[in-house]
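Residue numbers for the sequence shown follow the numbering used here, so the first one is 15 and each next one is one higher. Just so it is clear, CB atoms sit at the ideal spot from N, CA and C, and this is done for glycine as well. Please read all numbers here as calculations on a predicted model, not as lab measurements.
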Amino acid sequence: SAGTTQFAMASSQDDSKGFIEDSTLTSKTRMLYMNRDFRNGAGNIAKPGGGYKNGYREDWGLSELLNYNSGFTQGTIGVGVDAFAMGTLRLDGGAGRQGNGLFASKSDGSPEDSQSKAGGAIKFRLSDTVLKYGNQFVASPVLSTDDSRLLPEVATGTLITSHEIKGLELSAGRFTAMSSQTGMYHDSLHLPVANIAGATYQFTENFVGGLAASDIDDYFKKQYINLNYTYPIDDAQAVNFDFDGYTSQGPELAGNVDNKIWSLAAAYSIGAHKFTLAHQRSTGDRGYYYGVDGGGTIFLPNSVQNSDFNGKDERSWQARYDLNMATYGVPGLSFMARYVKGDNISTDTGESK
């Protein structure tokens, strides 16, 4: 019958309670200590006066992020705003140990004691489609703001997200600036014009597929695919398979981009435990390049803290174990251990290791 189509009977905008009534205010406090000890000259950083400091890095800081998300006004087209304010405080770390990306540097090379920034966006909703313009956090596989340090990156631009058909999400955006995690200037990453588009479809309860593409002016064009399937064994056990792949091409400013990188991960879950094996492989004239399009734009399992394993011709394998302590009465606490090994990477001299 007509009432059983894929299209929603009542849209999100129809259910709007109002600008204030649907609004939320959240506060996130984060304390981060980070210690890295690069050996044999790896990770050495140029000093302002010349020369290099060693690869030992140690930082400790505190951050606060306030997020306000309004509801939408009632009517055919709803209007709302999102706003944020965030700041950091350095607890420890000096010029000789800096380099983990927690704090910006002063002119003498020492880390800033504190930093802050704020921003906002206006949003409009028609039915189940939202258009947002302004400063925002983005999580597209082809343009993703990184939130792995004290503060997240922030993108400036327009993003449209639509859920008009059940199970299907469509998105398209155009971004013109991005600030780094330590950069207070709105375009400290010097993002040119970036156009993105994506689609995700829930084929069945256990199978999801997604496609995305981007065009970063003067840098590259990038395409992404994801296939994710879960096979439930019983109420306590399941097996998941996840495939991710990128292709990148273009006259990137630092050299031509021509890369294909893909990964396949298999995970077995039983109760609170999850065991994962993953393989990742990169091919092409150079490694997988990202950063100008956001520090989080690498949706690959072997991208870990000390390496992305995304070098030219690089292959890598990962074994991982996760424990969710909620099963044992401690919700919010989790444990993870992993081992990742890479090889076959081609260096600038043409050698493989």
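Taken in chain order, the segment 111-197 contains no complete alpha helix (DSSP H) segment of 4 residues or longer. Per DSSP, Ser41 is one residue of the beta strand (DSSP E) stretching across Thr38 to Asp51.
Under the three-pair Cβ rule at 8 Å, the segment 254-273 does not count as touching the segment 330-341.
According to DSSP, residue pairing for Gly264 in a beta bridge involves Val271.
Collapsing the DSSP output to three states places Thr90 in coil. A Cβ-Cβ contact shorter than 8 Å links Leu157 with Ile210.
In the DSSP assignment, no residue is bridged to Asp232. Within the same chain, and ignoring the five residues on either side of Phe313 in sequence, the residues whose Cβ sits closer than 6 Å to its Cβ are Pro155 and Asp258.
In the structure shown, the three-state DSSP call for Tyr199 is coil.
Membership of Ala213 in the beta strand (DSSP E) is indicated by the continuous run Ala208 to Thr218. Sorting Pro246, Gly197, Gly212 and Phe117 by C-alpha distance to the C-alpha of Glu219 places Pro246 at the top. The segment 123-138 makes no contact with the segment 175-185: fewer than 3 CB pairs, one atom from each, lie closer than 8 Å. Taken in chain order, the complete beta strand (DSSP E) segments of 3 residues or longer contained in the segment 273-333 are 287-298. If you ignore the 5 residues before and after Pro125, its C-beta comes within less than 8 Å of the C-beta of Asp73, Arg104, Gly107, Gly108, Ala109, Gln112, Leu116, Phe117, Ala118 and Ser119, all in its own chain and listed in chain order. For Ala186 and Thr214, the gap between their C-alpha atoms comes out near 12 Å. In this structure, DSSP gives Ala250 a state outside helix and strand, which the three-state scheme calls coil.
For Ser77, the uninterrupted beta strand (DSSP E) run begins and ends at Tyr70 to Asn83, by DSSP. The beta carbons of Met192 and Gly308 sit closer together than 8 Å. Counting along the chain, Asp357 sits inside the beta strand (DSSP E) bounded by residues Ser348 to Asp357.
Using a Cβ distance threshold of 8 Å, Phe151 and Leu145 do not count as a contacting pair. A contact between stretches requires three or more CB pairs, one per stretch, nearer than 8 Å, and the segment 272-290 fails this requirement with the segment 193-202.
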